[in-house]
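Student:
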Amino acid sequence: MELIRDLESVPDAVKGGVLTVGVFDGVHLGHQAVLGRTVARAGDLGAAATVFTFHPHPLEVLQPGEAPPLIQTFGQKLEMMRAVGVAAVLWPRDTAGILAMTPEGFIRTVARDALAVRAMVEGQGFRFGAGGAGDPALLADLGRACGFDVEFVGAVEVDGRRVSSTRIREAIAAGRVDEAGRCLGRPYSYVGTVVEG
91 MELIRDLESV PDAVKGGVLT VGVFDGVHLG HQAVLGRTVA RAGDLGAAAT VFTFHPHPLE
151 VLQPGEAPPL IQTFGQKLEM MRAVGVAAVL WPRDTAGILA MTPEGFIRTV ARDALAVRAM
211 VEGQGFRFGA GGAGDPALLA DLGRACGFDV EFVGAVEVDG RRVSSTRIRE AIAAGRVDEA
271 GRCLGRPYSY VGTVVEG
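Quick note on numbering: the sequence shown equals residues 91 to 287 in my numbering.
1) Using three-state DSSP, classify Thr185 as helix, strand or coil.
2) Is it true that the CB of Val211 sits closer than 8 Å to the CB of Val243?
3) So Gly126 and Arg208 are in contact, right, with Cβ under 8 Å, and what is the actual spacing, rounded?
4) How should Pro193 be labelled, buried or exposed, when 16 other C-beta atoms within 10 angstroms of its C-beta is the threshold for buried?
5) Quick check on this structure: which residue in Asp96, Gly120, Phe114 has the alpha carbon closest to the alpha carbon of Arg251?
6) Put Gly224 into one of helix, strand or coil per three-state DSSP.
7) Is the closest heavy atom of the ligand FAD to the C-beta of Leu205 under 7 Å?
8) May I ask you to report which of helix, strand or coil DSSP gives Val211?
9) What residue ranges within the region 230-277 form continuous alpha helix (DSSP H) runs of no fewer than 4 residues, ordered along the chain?
10) Three-state secondary structure (DSSP) at Thr199?
11) Check whether the region 223-235 and the region 267-287 are in contact - that is, three or more C-beta pairs closer than 8 Å.
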């Protein structure tokens, strides 16, 4: 799996593929549905499946100290993406600059110009651009204007409630690790440093 840090250094083999954008913290069942569809669509097109993601969490850049605790390490997230067949991960160095882009600027700069995508796959609650101003309807319009298809994956529910990273964090904080595991699609685990004392 290719790890790309700069929009100017996207390999030709990654261009013309299928893109999904998000934080993907926890790579929970909802994320897995989006990633799975991204990989499948890329396979249909004989193209690369690319994920555009952030680390640290965007809130850590926009409002230092206000970001939620992460469910997993960045390395764990990358490993899960590799396991489902993602070909490339675009992890921008200039997170602040990316987050300041308008929705239109983000799609034109990243999806159209840097990646020349043929399709994008997102969840139905997808927000993008400065202040989360972009929504699925705008993404569909921008896709048409920029010449690529846009597909939305429905929400995944567990126990009658939508799966989300926020829900998983709340379950973990309340000690409901079984619920967190059901939403993650695997047992919840925590990585830390063991110290003596």
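Even for Gly, the Cβ is constructed at its ideal location relative to N, Cα and C.
Tutor: This is what the structure holds:
1) helix
2) Against a cut-off of 8 Å, the Cβ pair of Val211 and Val243 comes out as a contact.
3) Not quite, the Cβ-Cβ distance comes to about 18 Å (not below 8 Å), so this is no contact.
4) Around the C-beta of Pro193, 16 or more other C-beta atoms lie within 10 Å, and the residue is accordingly described as buried.
5) Gly120
6) strand
7) In terms of ligand content, the structure shown is empty, and the ligand FAD therefore cannot be addressed.
8) The answer is strand: DSSP assigns Val211 an E or B state.
9) Uninterrupted alpha helix (DSSP H) stretches at least 4 residues long and entirely within the region 230-277 occur at 255-263, 267-274, given in chain order.
10) Helix at Thr199.
11) At 8 Å Cβ cutoff, the stretches do not touch.
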